[in-house]
Amino acid sequence: MRPSPPRRPSKRPRTHVSRPSVIGGGGRRYVNSGASCRLWQVPVVSASLRTENGRLRFPLRLFWNDAERRPRAAVRILVAVLGVLVLANTARTYQPTLFPGTGPVADVWNTLSSGLPQSLAIAAGVCLAAVVLDRRRLTDLGFPLDGNGRRFVGGTALGASITAGSVGVGLLAGYYDLTGIRLTHGLGTWLLLVVGTISSQLGIVVAEELFARGYLITNVLEGLDGVPSLPRAATAAVAIGVAALFFVLTHSVRGTTFAVMAGGLAVLFGVAYVLTGDLTAPIGIHFGVNAAGMLCGTAPQPASLLELSATSTVADSLVLPADAVVVRLLAAAGSVVVLLWWHASHSDHDWVTPALAQPTLRHHTDDTSDQPHD
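Residues in the sequence shown are numbered from 4 upward in steps of one, following this note's numbering.
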């Protein structure tokens, strides 16, 4: 029998298979998903903008991170802040209403509907910046796919206890007087008012936390993480401070004391985010603080259950004396200590959730040069 001839190799073209890659840059490791798409192709940097050894020319490399194929963190943050502010102020001019006329129910639900465009504009701006500027997946902004809501519930309870505790201390210490307890127009109407009020607050809080904690802290932490001389805990502290300062500036229209309180609470929100990597934790705390303030009467609303009075207040339309601000700040500081202790006792990772400093970039990159991929 004659031996069969050897099989000739197939001339069928090989199909490129994308594989996950790890991209080094600035002392960090960036995990890539391996997905490739021409729609989101990273722009190619012209050879004329490079030196003989392939590096980007000065000063372009001050603004563009060649290893990560995106603008540097400072540029991304600046563009995102300006873009979100423009979108938010533009959307603020559009305030639709659900009900004609006036009245407690109409006022509360019209407040909800009129605030939605601005909240949605902020959220859309953050998501757009994350996808286009950062090249990151939206889950990197603190929305883990395995979240089960426990951190939101726990955060809400913590935030509500801070506000309610300041009221309780105030009634005992004398800087608050309880002048009445009410259910506006009966239980049924009051429940409608409560649902509308907390829904309105939730929309505001989600937008603020998505931007201040989800975007700012994530980008500042990631940008500083490549500095070898800075430990990751120090970069996290700086990132939390930057987001808190942003909160101080955006809340300063209500006065210095109120802005300081907002900044102190923002530190608590930031610590909760950095320790857990889950944005639902600071959303819950922030939501609990605000919702309890409305129900307990420190921010009087038709849904307020308690009627409080005080001899002074730090901001118009609030029943918030300086003593109550001090109590809230002390409670926030104590909560930070408790969170740090709990994390040290029960967590299996360092102080900073690793995913915050090691984002999953969206676009396919197999090396650190700006070359197009099929």
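All residues carry an ideal CB built from backbone N, CA and C; glycine is no exception.
By the Cβ rule, the region 257-264 does not count as touching the region 219-238, because fewer than three pairs are nearer than 8 Å. With a contact defined as Cβ atoms closer than 8 Å, D143 and P362 qualify at about 5 Å.
Per DSSP, L332 lies in no beta strand (DSSP E) segment; the continuous alpha helix (DSSP H) that holds it begins and ends at A325 to H349.
Annotation for G183: the continuous beta strand (DSSP E) segment containing it runs D180 to I184. When only Cα atoms are considered, F249 and T114 end up about 25 Å apart.
In the DSSP annotation of this structure, S312 is not part of any alpha helix (DSSP H); the continuous beta strand (DSSP E) holding it starts and ends at L309 to S312. Contact between the region 183-199 and the region 263-273 is absent, with fewer than three C-beta pairs closer than 8 Å.
Residue pairing by DSSP puts R139 in a beta bridge opposite L364. Distance from the CA of L309 to the CA of R185, rounded to the nearest whole angstrom, comes to 7 Å. Taking a cut-off of 8 Å on C-beta distances, the region 168-182 does not touch the region 76-91, as fewer than three cross pairs fall below it. By the CB criterion at 9 Å, R139 and L364 fall inside the cutoff. In the structure shown, the three-state DSSP call for W354 is coil.
Within the same chain, F290 come within 7 Å of L205 by CB-CB distance, once the 5 residues on both sides are set aside. As DSSP reads the structure, P74 sits in a beta bridge with W67. Collapsing the DSSP output to three states places H188 in coil. Distances from the CA of L311 to each of T301, I125 and A240 were compared; the closest alpha carbon is that of T301. Within the model, the alpha-carbon separation for L141 versus A133 is close to 7 Å. Following the DSSP letters along the chain, one finds L268 inside the alpha helix (DSSP H) bounded by residues T259 to T279. Spanning the alpha carbons of P62 and T159 requires a straight line of approximately 47 Å. Taking all protein chains shown into account, L213 has 16 or more neighbouring C-beta atoms within 10 Å of its C-beta and is therefore buried. In summary, L136 is buried, with 16 or more beta-carbon neighbours lying within 10 Å of its beta-carbon over all protein chains present. Just so you know, the alpha carbons of V317 and G280 end up roughly 33 Å apart.
Our two residues, T182 and V251, have alpha carbons roughly 32 Å apart in a direct line. In this structure, R154 and T356 do not form a Cβ contact; the two beta carbons are roughly 12 Å apart against a cut-off of 8 Å.
Only exposed fits R95, as fewer than 16 other CB atoms lie within 10 angstroms of its CB. In chain order, L144, G145 and L282 place their CB closer than 6 Å to the CB of G217, counting only its own chain and leaving out the 5 sequence neighbours on each side. Shown here, G300 sits in coil according to DSSP, grouped into three states, outside any helix or strand.
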